[in-house]
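The next block holds one structure in the form of structure tokens; read it before the comments.
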Amino acid sequence: HLTRKADVYSFGIVMLELLSGRPALMKRGGIVKEKIGNWAKVHYHTVDDFIDLMDGKLMDQYGKREAKIFTMWAIQCINPDKNQRPEMSLMVNVLEQLQQQLES
């Protein structure tokens with residue numbers, strides 16, 4: 134069922150793909166073994182667990198603070214309770230602020 138909150142969920146999945154360098158559907162032998170949302174929830178218990186989700190190649194490219202914030206919002210976007218997911222307009226603001234911080 135397509136809704137604004139479904140779009141936010143999909144955006145969270147894309148954020149996790151970018152952050153982790155992993156595909157949305159992790160396959161082995163052509164069979165889906167794990168979905169990135171489930172994988173992220175297993176590895177992310179507190180806000181400080183963001184390092185466990187990051188692609189090692191990205192570690193030197195971004196500040197830890199920005200990576201932590203990006204991860205926290207990605208996890209919020211895939212919340213199983215659609216009413217707890219942020220609005221896309223809020224996500225635009227968050228990403229614009231992160232971009233400004235990285236550029237300064």
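My numbering numbers the first residue of the sequence shown as 134 and each following residue consecutively.
Every residue gets a Cβ at the ideal spot worked out from N, C-alpha and C, and that includes glycine.
Practice task
Mind reading off the beta-carbon distance from Ser123 to Asp188? Whole number of angstroms is fine, and I expect it under 8 Å.
Solution key: The first residue shown for the chain is 134 and the last is 237, placing residue 123 beyond what the model contains.
Problem - With 16 other Cβ atoms within 10 Å as the buried cut-off, status of Met192 - result: exposed
Practice task
Using 10 angstroms around the beta-carbon of Ile164, count the other beta-carbons present and answer buried if the total reaches 16, otherwise exposed.
Solution key: exposed
Problem - Supposed close pair Ala173, Leu186 - CB separation, criterion 8 Å - result: 6 Å
Exercise for the section: Determine the direct distance from the alpha carbon of Asn171 to that of Leu223, and round the result to whole angstroms. Expected result: 24 Å
Handout entry: Whole-angstrom distance between Phe144 and Gly162, CA atom to CA atom
Key = 27 Å
Problem - Best match in Leu135, Asp140 and Met148 for proximity to Ile208 [C-alpha to C-alpha] - result: Met148
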